[in-house]
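Protein chains in written order, with the working numbering: chain R, 17 to 471; chain U, 14 to 424.
Here the structure is laid out as structure tokens; the discussion comes afterwards.
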């Protein structure tokens, strides 16, 4: 490694939000060396949140969802090529086209991809979609424009709910199938989830909980219907698979790093941990693919599929890549995300699933605006606002300071009679979709105990 | 001097031109109880916490004892600035539906050309004058014309609106020792007259929309219904007053600050693309609303190690938070390119300035127009004479001289 942290070669694998923001931060903080960014998609970085919202509503075109650059990165971009492996001893990234990219420091920002429908032949039917990339959203929007008879959304997590909302706003018939007892339950627990179920139904969604889709049927290569575990069948010409995300870590299988299905483990400074639990000094990670220890949640490793986390973590990782010792900073930001669906603005701070109780501290479902505060063993651990986002900062402070739960009935818009109730957080295995906030335990990775011979 | 007298000293007219040393003293003392039982907060993070705290009310009816200085309008309904959620949320939401995204995304942007035209006409009239008053000749007429344009008040009534608005804000004046009765009654009468006028105008627009905000308010049936007639009057009076006086001060304080920093003025003249960031810095450095006098804790609230009791007047000194060195490096320096500038110029939290997008555009256009329209302007009085209000702080006049030969220097 070059002795001067502002010089040398940095490779960033992953050309989306985290990769771009890291590159910009590196330059902003004075990195003057060679910078190479690898991305498996052919596009420069783009913005994903609108893909399941404005794009599906036809208000924005998928190809217009660019990520504005904050500054010049002067990077060499290798787009449309996948990273296939990592040689940590030789300090090089091996690309799928055979090219080897030597580095002094590496940032892993490969993110996630949509979990595909498990039966490949059914997944290949014309009319079966996932929504992760620009192309995915563009193709689905086109198909919705054509006015399908009925859309089936498989999975009622945030993405599935947003897709269902967009379809209803377009006046399309929608069925949502969710294996768990309610929408959003994996992220927000059962109490808020049961309200979300009412929301779906009052907007005309045919919501079916506690069922799974057992088969997708086709004719002549086109989707024609679906079969559900309760024995019912649906005629649909569009099915959107919203089963959560898969972390892009396969390329690291032989890297010797603590990388697996739960993500790439790192320390609080974004330095990747190897399979023995020892921290590396030249490999960093940021964004959806990272899992990092968080003091507010018992130092469990946290994996977050959140826009804001990708930005904050990328900035910390980049800073630490070009800093020495005590100049390095921890990534301690409190998880936060947002969603818009059925005319509501939903925001979350903290980890709602790290809770045993929940109380509505402000507003009410009847007002179509509320703040639900989550507690774990008597302290505040999360808050979810619906059309009340400006309160979020107050609750973030309560989370950061471990304030007592419940928070007291003194808010100006507190509705009397609201008592804490169980937050009813389900086992994620009982859900159709994966969680977007995941507490993934204390160990860097299972590889610690299950050593696999190389090759 | 005792920190218990800080509020008295801040509101003392003798300190109007430069209250900043008092704010520094306030920050030294943290959350400070005043001799009359008020609590003053002047440090950034504590103000920020209170601005987002749902247990802090903006409704004066939650005071344990009526405030001698600030009274809610007699008999009337408070406007949403003086209400808490859920009422505040409903009323502000109905007004916002006609002003900004998502329902009316283009409203403010569509005013750009109008604002530039009005600012240009006002600046043209200043050309060749060797002496001028920036307040009367420019900063006052611009925002009132723009807000009337936005609401749909016909041009011939703009002057009347201006007079009413000017009288109405006198209720926020402070003249310790003086009997506030007559001032407050005049203010109340002006609000009532203005409300009656706007109510009548709105009635004419019902069924006959003319594309303005008032027409939207009376003709659009959103999911949350409509404003009642009284709510409509109170809300439009609020918009007119708030959209007027604060912007006058922002433009005036802005020009004053630039004239005190000639190297920055030259830089902005050469680089107009820096203007948006310069306006943010002005909002931090010389905010048009210096403090929020109307907050009240609904329960005992602990902040900065002090327990502020339920029901007392809680004064958030935004202009002091804006100069807190713990938040802003080199906080007393005017730096138009400052980054990470999360100032309180528009407040924060649920009562965050409704008209902020409009105020930003107006001030950017106004200052850009002045930098290119005025010919080597000079301050004739520094400090200039201030208006009485310590809340809406700004100069009453800003006498300037400019080269009269019509040859512009530096261009």
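C-beta: ideal position from N, C-alpha, C; glycine also.
These numbers were taken from a predicted model, which means no experiment stands behind them.
CB contact below 9 Å: residue i versus chain R
| i | result |
| --- | --- |
| residue 365 of chain U | yes |
| residue 107 of chain U | no |
| residue 76 of chain U | no |
| residue 70 of chain U | yes |
| residue 362 of chain U | yes |
| residue 61 of chain U | yes |
| residue 97 of chain U | yes |
| residue 30 of chain U | no |
| residue 42 of chain U | no |
| residue 34 of chain U | no |
| residue 236 of chain U | yes |
Any chain U beta carbon closer than 9 Å to residue i
| i | result |
| --- | --- |
| residue 264 of chain R | no |
| residue 377 of chain R | yes |
| residue 387 of chain R | yes |
| residue 63 of chain R | no |
| residue 413 of chain R | yes |
| residue 466 of chain R | Residue placement at residue 466 of chain R is flagged as unreliable, the pLDDT there being 44, under the threshold of 50; a coordinate-derived value is accordingly withheld. |
| residue 430 of chain R | yes |
| residue 113 of chain R | no |
| residue 226 of chain R | no |
| residue 404 of chain R | yes |
| residue 104 of chain R | no |
| residue 46 of chain R | no |
| residue 418 of chain R | no |
| residue 220 of chain R | no |
| residue 279 of chain R | no |
| residue 202 of chain R | no |
| residue 359 of chain R | yes |
As assigned by DSSP and simplified to three states, the class of residue i
| i | result |
| --- | --- |
| residue 316 of chain R | strand |
| residue 441 of chain R | coil |
| residue 361 of chain R | strand |
| residue 235 of chain U | strand |
| residue 308 of chain R | strand |
| residue 427 of chain R | coil |
| residue 82 of chain R | strand |
| residue 467 of chain R | Because residue 467 of chain R sits at a pLDDT of 43, beneath the cut-off of 50, its placement in the model cannot be relied upon, and the point is left open. |
| residue 421 of chain R | coil |
| residue 116 of chain R | strand |
| residue 94 of chain R | strand |
| residue 419 of chain U | Only weak support is given to the placement of residue 419 of chain U: the predicted model assigns it a pLDDT of 47, under 50, and the value that follows is read from those uncertain coordinates. It is coil, neither helix nor strand. |
| residue 241 of chain U | coil |
| residue 393 of chain U | coil |
CB-CB length for residue i against residue j, believed under 8 Å
| i | j | result |
| --- | --- | --- |
| residue 448 of chain R | residue 170 of chain R | 7 Å |
| residue 201 of chain R | residue 119 of chain R | Not quite, the Cβ-Cβ distance comes to about 42 Å (not below 8 Å), so this is no contact. |
| residue 72 of chain U | residue 97 of chain U | 5 Å |
| residue 375 of chain R | residue 389 of chain R | 6 Å |
| residue 365 of chain R | residue 412 of chain R | 5 Å |
| residue 41 of chain R | residue 335 of chain R | 6 Å |
| residue 141 of chain R | residue 239 of chain R | 4 Å |
| residue 347 of chain U | residue 277 of chain U | 7 Å |
| residue 60 of chain U | residue 358 of chain U | Actually they are not in contact, since the Cβ atoms of residue 60 of chain U and residue 358 of chain U sit about 12 Å apart, beyond 8 Å. |
| residue 261 of chain R | residue 280 of chain R | So it is not a contact: roughly 14 Å between Cβ atoms. |
| residue 225 of chain U | residue 124 of chain U | Actually they are not in contact, since the Cβ atoms of residue 225 of chain U and residue 124 of chain U sit about 11 Å apart, beyond 8 Å. |
Listed by chain order, chain R residues near residue i by CB distance under 8 Å
| i | result |
| --- | --- |
| residue 56 of chain U | Residues of chain R passing the Cβ test: none, with the nearest at roughly 15 Å. |
Cross-chain neighbours of residue i in chain U, by beta carbon under 7 Å
| i | result |
| --- | --- |
| residue 407 of chain R | 65 and 67 |
| residue 426 of chain R | 68, 311 and 312 |
Under 8 Å from the C-beta of residue i: neighbouring residues of chain U
| i | result |
| --- | --- |
| residue 410 of chain R | 62, 65, 66 and 67 |
Partner residues on chain R for residue i, Cβ-Cβ distance less than 7 Å
| i | result |
| --- | --- |
| residue 102 of chain U | 385 |
Length-filtered (4 minimum) alpha helix (DSSP H) runs lying within the stretch 220 to 272 of chain R = Listed in chain order, there is nothing to give.
Contiguous beta strand (DSSP E) assignments of at least 3 residues, all confined to the stretch 113 to 186 of chain U | The qualifying runs are 144 to 146.
Any alpha helix (DSSP H) of 4 or more consecutive residues that is wholly inside the stretch 23 to 56 of chain R = 33 to 44, all fully within the stretch 23 to 56 of chain R.
Sequence ranges, beta strand (DSSP E) only - wholly within the stretch 287 to 318 of chain U, length at least 3 = Within the stretch 287 to 318 of chain U, the runs of beta strand (DSSP E) that reach at least 3 residues and sit entirely inside it are, in chain order, 305 to 310 and 314 to 316.
Write down every uninterrupted run of the alpha helix (DSSP H) in the stretch 321 to 365 of chain R whose length is 4 residues or greater and which is fully enclosed by it, in chain order.
-> Fully enclosed alpha helix (DSSP H) runs of 4 or longer: 323 to 337.
Runs of alpha helix (DSSP H) lying entirely within the stretch 29 to 76 of chain U, each at least 4 residues, in chain order | Listed in chain order, the alpha helix (DSSP H) elements of length 4 or more contained wholly in the stretch 29 to 76 of chain U are 33 to 42 and 57 to 64.
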